[in-house]
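The numbering of the sequence shown is the UniProt record's numbering, which starts it at 1 and goes up by one.
What follows is one structure encoded as structure tokens, with my remarks underneath.
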Amino acid sequence: MVEVSNIQNALSFEIEGRIISFSVSDFSHIMGFPYDEIVSIVHDNDSERGDIWNTYFPDCKTKVKRRDIKSVFQSIQRGRKPEENIVKLSLLYVLSHAFLAAEGQVSIHSTYLNLVDDLAAFNSYPWGRVIWDDMVGYFKASLKSIESNPSHYNVYGCVIALQVWAFESFPALKVINLAHLVDPCSEPSILKWSSTAKPSSESLKDAIFCNKGFLFTPISQSDSVRELDNPPKPVPLKKKGVSNLLMNLKIDLPHHYLILQQVLMP
Numbered sequence: 001m002v003e004v005s006n007i008q009n010a011l012s013f014e015i016e017g018r019i020i021s022f023s024v025s026d027f028s029h030i031m032g033f034p035y036d037e038i039v040s041i042v043h044d045n046d047s048e049r050g051d052i053w054n055t056y057f058p059d060c061k062t063k064v065k066r067r068d069i070k071s072v073f074q075s076i077q078r079g080r081k082p083e084e085n086i087v088k089l090s091l092l093y094v095l096s097h098a099f100l101a102a103e104g105q106v107s108i109h110s111t112y113l114n115l116v117d118d119l120a121a122f123n124s125y126p127w128g129r130v131i132w133d134d135m136v137g138y139f140k141a142s143l144k145s146i147e148s149n150p151s152h153y154n155v156y157g158c159v160i161a162l163q164v165w166a167f168e169s170f171p172a173l174k175v176i177n178l179a180h181l182v183d184p185c186s187e188p189s190i191l192k193w194s195s196t197a198k199p200s201s202e203s204l205k206d207a208i209f210c211n212k213g214f215l216f217t218p219i220s221q222s223d224s225v226r227e228l229d230n231p232p233k234p235v236p237l238k239k240k241g242v243s244n245l246l247m248n249l250k251i252d253l254p255h256h257y258l259i260l261q262q263v264l265m266p
């Protein structure tokens, strides 16, 4: 990686002497989240804790950490909690561990804890801007850590969007069976792909990172778009709901996400 550009709204990577960019428009195409200006829907005030916070995190007086959310989520048993609360806890969990992923001791913004009480407001919130800005922030921090330790760094945020961008843009990943285009008509783009393979560093080096002849296809020209004569525009999730995305996701996630499928599916 060589650059994080706020002006161009893109993450740029250097691979074998070529600059490859992942733009905010690519991100929006993949995730389908609303990308509007962030507005204040609920007051970010610790004294105004919502129902989910008070019910499931009563001991967390001023902040709730990601590990607290994980602990409550993994204790879910169907039939033991109101169904709507199960959905709310599931959304809060995937938000804090996949879309705004960070280390367990990092607290989640109290606005999001209160926002999940209102599912309509939660689904229409401009998550695209929130998640993109969060991911870019982590990449900026990684650039600084690379300067002191170029051999190792951590990246958090919505890295699954980068994974799907790679599926769309690097045909070699399909050749080595890391990505499978299973439903080219699905929207947003993240629902088109299936992957359960665990790539090795050697296979990725051979296919892309140490291959001067690797192919890169911008998303606007990718197979999943070209296969349709008139590809539809991505449908914003505010029309379908965030839970729709989660229930239809075909990308393999860490083992504890299996619980997510179990509690969200009827």
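All C-beta atoms in this analysis are idealised placements derived from N, C-alpha and C, irrespective of residue type, glycine included.
Alpha carbon of residue i to alpha carbon of residue j, nearest angstrom
i: Tyr112; j: Asn9; result: 24 Å
i: Gly157; j: Gly213; result: 30 Å
i: Asn85; j: Leu215; result: 46 Å
i: Asp206; j: Ala179; result: 16 Å
i: Tyr138; j: Pro184; result: 31 Å
i: Phe122; j: Leu115; result: 6 Å
i: Ser12; j: Leu143; result: 12 Å
i: Thr217; j: Leu92; result: 34 Å
i: Met1; j: Phe99; result: Caution is warranted here: a pLDDT of 48 is assigned to Met1, below 50, making its placement in the model unreliable, and no coordinate value can be reported.
i: Val225; j: Phe170; result: Reliability fails at Val225, whose pLDDT of 43 lies under 50, so the model's placement of it is uncertain and no value is given.
i: Pro82; j: Ile76; result: 11 Å
i: Asn54; j: Asn154; result: 33 Å
i: Cys60; j: Glu202; result: 44 Å
i: residue 268; j: Ile176; result: Residue 268 lies beyond the range of the chain shown here (1 to 266); nothing can be said about it.
i: Glu147; j: Lys140; result: 11 Å
i: Leu258; j: Val72; result: Only weak support exists for where Leu258 lies, its pLDDT of 41 falling under 50; the coordinates are left without a value.
i: Tyr56; j: Ser145; result: 36 Å
i: Val136; j: His97; result: 16 Å
i: Lys174; j: Asn211; result: 16 Å
Extent of the continuous alpha helix (DSSP H) to which residue i belongs
i: Glu84; result: 83–94
i: Gly197; result: The question names Gly, but residue 197 in the sequence shown is Ala. Segment: none, Ala197 is in no alpha helix (DSSP H) and carries neither H nor E.
i: Tyr35; result: Neither: Tyr35 is in no alpha helix (DSSP H) and is coded neither H nor E.
i: Ile160; result: 159–169
i: Leu119; result: 119–124
i: Val155; result: It is not in any alpha helix (DSSP H) - Val155 carries neither H nor E in the DSSP assignment.
i: Lys174; result: 172–175
i: Asn149; result: Note, Asn149: premise wrong, no alpha helix (DSSP H); not H, not E.
i: Leu115; result: 110–115
For residue i, the three-state DSSP class (helix, strand or coil)
i: Phe57; result: coil
i: Arg226; result: Low confidence applies to Arg226: its pLDDT is 38, below 50, so where it sits in the model is not reliable, and the reading given next is rough at best. Of the three classes helix, strand and coil, the one that applies to Arg226 here is helix, per DSSP.
i: Ile69; result: helix
i: Leu100; result: coil
i: His180; result: strand
i: Ile76; result: coil
i: Val64; result: strand
i: Ser186; result: coil
First through last residue of the beta strand (DSSP E) which encompasses residue i
i: Ala10; result: 10–15
i: Ile19; result: 18–23
Contact check, residue i vs residue j, beta carbons under 8 Å
i: Gly128; j: Phe33; result: yes
i: Val159; j: Ala120; result: no
i: Lys70; j: Ser107; result: no
i: Glu187; j: Ile219; result: no
i: Ala172; j: Met31; result: no
i: Gly17; j: Asp117; result: no
i: Phe209; j: Ile15; result: yes
Proximity winner among the options, relative to residue i (alpha-carbon distances)
i: Ser189; options: Ser28, Phe13, Ile20; result: Ser28
i: Arg66; options: Ser169, Glu14, Glu187, Leu95; result: Leu95
i: residue 275; options: Val136, Tyr125, Gly50; result: Any answer about residue 275 is impossible in this case: the structure gives the chain only from 1 up to 266.
i: Val182; options: Lys192, Val175, Val87; result: Lys192
i: Asp68; options: Lys61, Gly104, Ile76, Ile52; result: Gly104
i: Cys163; options: Lys140, Thr196, Asp134; result: Sequence inspection shows Gln at residue 163; the Cys mentioned does not correspond to that position. The residue with the shortest Cα to Cα distance from Gln163 is Thr196.
i: His166; options: Leu204, Asp134, Leu89, Ala141; result: Looking at the sequence shown, residue 166 is not His but Ala. Considering only alpha carbons, the answer is Leu204.
i: Ile52; options: Asp26, Glu14, Ile131, Val87; result: Val87
i: Asp26; options: Phe73, Ser201, Trp132; result: Trp132
i: Phe74; options: Leu89, Val130, Lys174; result: It is worth fixing the name first, because residue 74 is Gln in this sequence and not Phe. For Gln74, the nearest C-alpha among the options comes from Leu89.
i: Ser110; options: Val136, Lys140, His97, Glu48; result: Glu48
i: Val24; options: His97, Tyr56, Val130; result: Val130
Proximity test, residue i beta-carbon vs the ligand MG heavy atom, cut-off 7 Å
i: Ser25; result: Among the components modelled here there is no ligand, and therefore nothing to report on the ligand MG.
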